[in-house]
Amino acid sequence: MSKTYNIEEFDFTNVKKRNVIVIGSGPAGLTAGIYAARAGLEPLLIRGNEPGGQLVTTTDVENYPGWKGSGPELMMKMEEQCQEQGCELIYGTVKAVDFSKRPFKILAYPDKTFLADSVIIATGASARWLGLESEKKLQNKGISGCATCDGPMYRGENVCVVGGGDVALEDAMFLARFCPKVHLIHRRDKLRGSIAMQKKAMQKKNIVWEWNSVVEEFLGEEELEGVKVKDVKTGEFRTLDVKGAFLAIGHTPNTQMFKGQLDLNDHNYIIVKPNTTYTSVEGVFACGDVMDWVYRQAATSVGSGCKAAIDCERWLADQEN
Ligand SMILES: Cc1cc2nc3c(=O)[nH]c(=O)nc-3n(C[C@H](O)[C@H](O)[C@H](O)COP(=O)(O)OP(=O)(O)OC[C@H]3O[C@@H](n4cnc5c(N)ncnc54)[C@H](O)[C@@H]3O)c2cc1C
1 MSKTYNIEEF
11 DFTNVKKRNV
21 IVIGSGPAGL
31 TAGIYAARAG
41 LEPLLIRGNE
51 PGGQLVTTTD
61 VENYPGWKGS
71 GPELMMKMEE
81 QCQEQGCELI
91 YGTVKAVDFS
101 KRPFKILAYP
111 DKTFLADSVI
121 IATGASARWL
131 GLESEKKLQN
141 KGISGCATCD
151 GPMYRGENVC
161 VVGGGDVALE
171 DAMFLARFCP
181 KVHLIHRRDK
191 LRGSIAMQKK
201 AMQKKNIVWE
211 WNSVVEEFLG
221 EEELEGVKVK
231 DVKTGEFRTL
241 DVKGAFLAIG
251 HTPNTQMFKG
261 QLDLNDHNYI
271 IVKPNTTYTS
281 VEGVFACGDV
291 MDWVYRQAAT
301 SVGSGCKAAI
311 DCERWLADQE
321 N
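All residue numbers for the sequence shown refer to the UniProt record's numbering, where the first residue is 1 and numbers rise by one.
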């Protein structure tokens, strides 16, 4: 069971207060760090347990403008640039925060304590996986958590999508534009997605509906060669001949430590004021996938990281007047 951290137990009396603390080192956090450093705010950035964020788990990034190469390499360059501009990066994972009054209190694992006039949250949203051994083995070798990102690499190949909500339907329709056959594997005989989206998807001739089905195993050693599927009603197995498999079974925003401190939506994403990165607490800003359940791309995260640092810098300036 995970430990509960009680912020009241920690001593903040001799802690140096920072202008701004950025939480998260994915594209959104590092961009916020770059902009905040260049604005002279001397930011501190807490990396979290996935330095570089989700992109470090992917080998090819082909849709980030000006970049053609691996995810880890791109994130290393962003981190270097962030440090060069004067942002202090540290290892640590935020376990508890107190946003009830300023300065804000932050407690990071294992025992680091911080005070800050403002905070930029960029903790992302983790893609959910099925948890199969064969899935781990073939991740980035045919199995992906992002159809928008990796789908075009499977042009002309048969693929499958796992899921039954709007994201799965969107992914299937996107892939159906350039893949001859898209199998949609869903554990029930009814979809969860919106009726409008279902109607659109049903019109696509090359989407093959695999109802009442679950993935038993991803097949292949070096790359995906097929998917073994089980019919949950009959218990029978069959194999789908696909080269790509896209998981669309949801994301979990990394917001556990902000519950009760910030307004979150029904799916635990941070709510921001329209067209800004302002959260429900003045002085706390959010950017990237942790507040964006629609686009979830490196380019959009970078854009909102930039907005968060600008919002934060202007807000801090207003406090001085
Ligand atoms: C397999 C895969 C492939 C992808 N490919 C592409 C692609 O080709 N192109 C594209 O545009 N997008 C791609 N994406 C999507 C893209 O990676 C995300 O949209 C983007 O990384 C989101 O950036 P972010 O900074 O908001 O969050 P993330 O990248 O998720 O970063 C979150 C950061 O927060 C930190 N963190 C989390 N919890 C805490 C905590 N408690 N304390 C401190 N820090 C914390 C983590 O350590 C991490 O550094 C892909 C995603 C996946 C999963």
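Heads up, the beta-carbon is just placed ideally off N, CA and C, and yes, glycines get one too.
One question on the structure: do residue i and residue j come within less than 7 Å of each other, judged by their Cβ atoms?
i    : j    : result
T22  : L41  : First, the residue type needs correcting, since residue 22 is Val and not Thr in the sequence shown. Not closer than 7 Å, so no.
A245 : V227 : yes
A28  : S304 : yes
F10  : L107 : yes
I120 : F258 : no
Q261 : F104 : no
L55  : A317 : no
A122 : A32  : yes
M173 : A147 : no
C312 : V20  : yes
L30  : E79  : yes
K141 : E236 : no
S134 : E217 : yes
M197 : D231 : no
Who are the Cβ neighbours of residue i in its own chain at under 7 Å, not counting the five residues just before and after it?
i    : result
Q83  : L89
I176 : As written in the sequence, residue 176 is Ala, which differs from the Ile given in the question. Correct list, in chain order: V182, K204, N206 and I207.
M291 : Y269, I270 and V272
K16  : none
N254 : T123, G124, A125, S126 and V290
M1   : Residue placement at M1 cannot be trusted, given a pLDDT of 46 that sits under 50; what the coordinates show is reported in the next sentence. Taken in chain order, the list of residues that qualify is empty.
G277 : Per the sequence shown, the amino acid found at residue 277 is Thr instead of Gly. The residues are F285, A286, C287, S304, K307, A308 and D311.
Y5   : K95, A96 and L107
R314 : none
First and last residue of the beta strand (DSSP E) that includes residue i?
i    : result
G226 : G226 to D231
R38  : Taken as a continuous stretch (DSSP letters only), R38 belongs to no beta strand (DSSP E), being part of the alpha helix (DSSP H) at P27 to R38.
R314 : Segment A298 to E320 is the alpha helix (DSSP H) holding R314; no beta strand (DSSP E) there.
T113 : K112 to I121
L240 : F237 to L240
E277 : First, the residue type needs correcting, since residue 277 is Thr and not Glu in the sequence shown. That residue, T277, is in no beta strand (DSSP E); it is neither H nor E in DSSP.
I90  : E88 to I90
P253 : H251 to P253
E210 : I207 to E210
I46  : L44 to I46
C160 : V159 to V162
E219 : Note that residue 219 is Leu in the sequence shown here, rather than Glu. It spans S213 to L219 - the beta strand (DSSP E) in which L219 sits, taken as one unbroken run.
Leaving out five residues before and five after residue i in sequence, what residues of the same chain have Cβ atoms less than 6 Å from its Cβ?
i    : result
G69  : none
D111 : none
G145 : A127 and L247
E73  : none
R187 : V214
P51  : S25
D171 : A147, V161, F246 and A248
Q85  : I34, A37 and R38
With a threshold of 8 Å on Cβ separation, who are the neighbours of residue i within its own chain once the five nearest residues in sequence on each side are excluded?
i    : result
D189 : W211 and N212
L130 : V162, V215, L247 and I249
N321 : none
T239 : L219, G226, V227, K228 and V229
R155 : F178 and C179
P65  : A299
M76  : G52
Return the first residue and the last residue of the alpha helix (DSSP H) that residue i is part of.
i    : result
G244 : First-last for G244: G244 to L247, but that is the beta strand (DSSP E), not the alpha helix (DSSP H).
F174 : D166 to A176
D150 : A147 to D150
E134 : The question names Glu, but residue 134 is Ser in the sequence shown. That run of the alpha helix (DSSP H) goes E133 to L138.
K200 : I195 to M202
E73  : G71 to E84
What whole-angstrom Cβ distance do residue i and residue j have, given they're in contact under 8 Å?
i    : j    : result
G92  : R38  : 23 Å between Cβ atoms; not a contact.
G124 : G26  : 5 Å
A116 : R18  : 5 Å
V242 : C160 : 5 Å
G288 : S118 : About 17 Å separates the two Cβ atoms, so there is no contact after all.
L191 : G164 : 5 Å
Given 6 Å as the limit, tell me if residue i has its C-beta closer than that to any heavy atom belonging to ligand 2.
i   : result
L55 : As for ligand 2, it is missing from this structure, which binds only ligand 1.
Any contact of the stretch 265-280 with the stretch 180-193, i.e. 3+ C-beta pairs under 8 Å?
-> The stretch 265-280 makes no contact with the stretch 180-193, as fewer than three CB pairs between them are under 8 Å.
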